[in-house]
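Worksheet for the structure shown next.
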Ligand SMILES: Nc1ncnc2c1ncn2[C@@H]1O[C@H](COP(=O)(O)OP(=O)(O)OP(=O)(O)O)[C@@H](O)[C@H]1O
Ligand SMILES: [Mg+2]
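Numbering (my numbering), first residue to last: 188 to 667.
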């Protein structure tokens, strides 16, 4: 019951107890401490309050009629999965308290309790809510601050894509994003989230090809304690983490039939069932899925479930390859160069000839390849004005004869010539590889599969190269 004179609430607490005195004194104590407190005398009443979604902490008695505290907790977490709960137990009912913790309660207090003890536990539980929210928001803020979800490129194809994206962003429709590797599918998914009403809630990406099938299942759906060897604690899945926000299921075609049917069921019911649990939980998670394969072909060849395809493909967003929109290259190159300048003491510029040189290329690795080329050039070039030879392109992917605008032989040839005073081509390539790997490692840490993915090589190749370049994997990375 806030009014203009009440200071900002420290948290919203619902006190549930069928004993009026107990309930009233507890509520009063917390109210005086500056919390926003509501009360309920029965489990049913409490659920009605929880359903409105305005409670951070549930403080409930365990022994109540007809709905007991455990049932209230279970159903409360269904309607409000981010709820923290503290159980109030009578002396001697420790077993129920343990059961409550297993169901997801944060803590318990034994009646009668001292004011100080309750205060301490309440503070701690709410601290956890804040922490959780901070973690959720961190990634989003990072992206917003750095404007990373801004899609650069004003070609006809990109304009059509952004128009369509903005239109579907407003809805909750499931979106399927299709495009070659490195075209910007993840960025499209982030932009979709950033322009939706869910932008204040988490964007949670998961890459289906980066983890094993069993791990993927428990990652996505969560698991009960003891569901399998190693499941020492109950764990929320990413579906739940993304509640209220967007779950980005990347490389969705790289999944097994069993996984696909479980995903289908979840999408149909709008409910997640943790591995090893019998009850399901309602979630409000928007799905964006992506693939770099021809998904219709995958369906025809029976590698991808047709019904799941229909479920996911409510709206299809196709991200065109960069070679079909070469007019976006200047803006993209400029964008990546500015970003790299912001991190470095030097102010690099693109020469007109360098740009022309880039426009003769068909970018098999799409935008990611251009991004790497620019970052490497910015890291390695001698002069501030970047020249064609600062961008070594794969010769077989050139679309025009391999000469520069000035008529000189192209960079690849010149850099390796014996007269050159600079480094040899092999050295340049090696240095560029080293930089690219180091930067990718910085971005993805221990997730070597993601590093390999980003660099467009297999994990084995990545390992081999790291070994040759004497690069150590970051601490905690799994061995080959
Ligand atoms: N239109 C764009 N504007 C700015 N940056 C872009 C754009 N498209 C892609 N990028 C950048 O290019 C890189 C590759 O994009 P992204 O990871 O989204 O591609 P992807 O399609 O998901 O690739 P993959 O299939 O390999 O996972 C990222 O660093 C991304 O920020
Ligand atoms: Mg991707």
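Glycine included, C-beta positions come from ideal geometry on N, C-alpha and C.
The model shown is predicted, which means the values in this text are computed figures rather than measured ones.
request  = Write down every uninterrupted run of the beta strand (DSSP E) in the region 271 to 305 whose length is 3 residues or greater and which is fully enclosed by it, in chain order.
outcome  = 271 to 277, 294 to 298
query = Just checking my contact of residue 287 with residue 256 at CB under 8 Å: how many whole Å lie between their CB atoms?
reply = Translated into the one-based positions of the chain shown, residue 287 becomes position 100. Translated into the one-based positions of the chain shown, residue 256 becomes position 69. Indeed they touch by this definition, with Cβ atoms about 7 Å apart.
task = State yes or no: is the C-beta of residue 370 nearer than 7 Å to some heavy atom of ligand 1?
result = The residue given as residue 370 occupies position 183 in the chain shown. Yes.
request  = Identify which residue in 520, 529, 525 has its Cα closest to the Cα of residue 560.
outcome  = What you label residue 560 is simply residue 373 of the chain shown in a count that begins at 1. Checking every option, the nearest Cα to that of residue 560 belongs to 520.
request  = Quickly, what does DSSP pair residue 247 with across the bridge? List them, please.
outcome  = The residue you call residue 247 lines up with position 60 of the chain shown. In DSSP, residue 247 forms a bridge with 203, 274.
inquiry  = Give the list of continuous alpha helix (DSSP H) stretches no shorter than 4 residues that lie fully inside the region 352 to 395.
reply    = 372 to 381
Cβ pair count under 8 Å reaching 3, the region 523 to 534 against the region 481 to 500 = no
key: Three-state secondary structure (DSSP) of residue 341   = What you label residue 341 is simply residue 154 of the chain shown in a count that begins at 1. Coil at residue 341, not helix or strand.
Segment limits, alpha helix (DSSP H) that includes residue 518 = Taking the first residue of the chain shown as 1, we reach residue 518 at position 331. Residues 516 to 529.
message = Helix, strand or coil, according to DSSP, for residue 668 in the structure here?
response = Given that the chain is displayed from residue 188 to residue 667, the structure contains no residue 668 and the question cannot be resolved.
request  = Identify, in the order they occur along the chain, each residue of the same chain with its Cβ nearer than 7 Å to the Cβ of residue 367, setting aside the five sequence neighbours on each side.
outcome  = Position 180 of the chain shown holds residue 367. Cβ within range, chain order: 479, 508, 553.
Beta-carbon proximity list for residue 236, same chain, < 8 Å, skipping 5 on both sides = As a first step, residue 236 must be located in the chain shown, where it is residue number 49. Cβ contact annotation for residue 236 (same chain, cutoff 8 Å, sequence separation greater than five): 201, 225, 227, 242, in chain order.
query = When you compare only the Cα positions, how much space is there between residue 213 and residue 421?
reply = Within the chain shown, the letter at position 26 stands for residue 213. Within the chain shown, the letter at position 234 stands for residue 421. A direct Cα-Cα distance of roughly 30 Å separates residue 213 from residue 421.
task = Mind reading off the beta-carbon distance from residue 641 to residue 555? Whole number of angstroms is fine, and I expect it under 8 Å.
result = As a position in the chain shown, residue 641 is number 454, starting the count at 1. As a position in the chain shown, residue 555 is number 368, starting the count at 1. 7 Å between Cβ atoms; contact.
query = Hey, how far is the Cα of residue 346 from the Cα of residue 443?
reply = Residue numbering aside, residue 346 sits at position 159 when the chain shown is read from its first letter. Residue numbering aside, residue 443 sits at position 256 when the chain shown is read from its first letter. C-alpha separation (whole angstroms): 35 Å.
query = Measuring from the CB of residue 634, is there a heavy atom of ligand 2 at a distance below 7 Å?
reply = Counted from its first residue, the chain shown places residue 634 at position 447. No, since every heavy atom of ligand 2 falls outside the 7 Å radius drawn around the Cβ of residue 634.
ask   = Under 7 Å from any heavy atom of ligand 2, does the C-beta of residue 373 make it?
value = As a first step, residue 373 is located in the chain shown; it is residue number 186 there, counting from the start. For ligand 2, at least one heavy atom lies less than 7 Å from the Cβ of residue 373.
query = Of the residues 397, 234, 621, 469, which one's Cα is nearest the Cα of residue 653?
reply = Here the question's residue 653 lines up with position 466 in the chain shown. Of 397, 234, 621, 469, the residue nearest in Cα terms is 621.
ask   = Mapping DSSP to helix, strand and coil, what is residue 472?
value = As a first step, residue 472 must be located in the chain shown, where it is residue number 285. Residue 472: coil per DSSP, three-state reduction.
inquiry  = Please list the terminal residues of the continuous alpha helix (DSSP H) segment that includes residue 445.
reply    = Numbered from its first residue, the chain shown carries residue 445 at position 258. Start and end: 444 to 456.
query = Where does residue 198 land, buried or exposed, given buried means 16+ other C-beta within 10 angstroms?
reply = Start at 1 with the first residue of the chain shown, and residue 198 comes out as number 11. Flag for residue 198 reads buried.
Distance CB(residue 517)-CB(residue 542) smaller than 8 Å = Taking the chain shown and counting its residues from 1, one reaches residue 517 at position 330. Taking the chain shown and counting its residues from 1, one reaches residue 542 at position 355. Cβ distance < 8 Å, so residue 517 and residue 542 count as in contact.
ask   = Looking at C-alpha atoms only, which residue of 209, 260, 208 is the closest neighbour of residue 230?
value = Here residue 230 refers to the residue found at position 43 when the chain shown is read from its first residue. Comparing Cα-Cα distances from residue 230 to each of 209, 260, 208, the minimum goes to 260.
message = Just checking residue 521 against ligand 1 - is the residue's beta carbon closer than 7 Å to any of the ligand's heavy atoms?
response = Taking the chain shown and counting its residues from 1, the one referred to as residue 521 is at position 334. Residue 521 Cβ: outside cutoff for every heavy atom of ligand 1.
key: residue 576 classed as buried or exposed, judged by whether at least 16 other C-beta atoms fall within 10 angstroms   = Residue mapping note: residue 576 aligns to position 389 of the chain shown, counting from 1. It is buried - the Cβ of residue 576 has at least 16 other Cβ atoms within 10 Å.
message = On the criterion of 16 or more Cβ atoms from any shown chain inside 10 Å, does residue 268 qualify as buried, or is it exposed?
response = Against the chain shown, residue 268 aligns to sequence position 81. Residue 268 should be labelled buried.
inquiry  = Please state the DSSP three-state secondary structure of residue 467.
reply    = The sequence position of residue 467 within the chain shown is 280, counting from 1. Correct three-state label for residue 467: strand.
ask   = For residue 563, does the count of other Cβ atoms within 10 angstroms reach 16, so buried, or fall short, so exposed?
value = Here residue 563 refers to the residue found at position 376 when the chain shown is read from its first residue. The residue is buried, with at least 16 neighbouring Cβ atoms inside 10 Å.
Ligand 2 heavy atom lying under 7 Å from the CB of residue 437 = Along the chain shown, read from residue 1 onward, the residue named residue 437 stands at position 250. For ligand 2, at least one heavy atom lies less than 7 Å from the Cβ of residue 437.
request  = Compare the Cα-Cα distances from residue 456 to each of 441, 462, 463, 467 and report the closest residue.
outcome  = Within the chain shown, residue 456 is the residue found at index 269, counting from 1. With distances taken between Cα atoms, residue 456 lies closest to 467.
ask   = Going by the C-beta, is residue 555 closer than 7 Å to any heavy atom of ligand 1?
value = As a working note, residue 555 is residue 368 in the chain shown. For ligand 1, at least one heavy atom lies less than 7 Å from the Cβ of residue 555.
ask   = Closest by CA to residue 469, which one among 454, 482, 462?
value = Working through the chain shown from its first residue, we reach residue 469 at position 282. Residue 454 is the option with its Cα nearest to residue 469.
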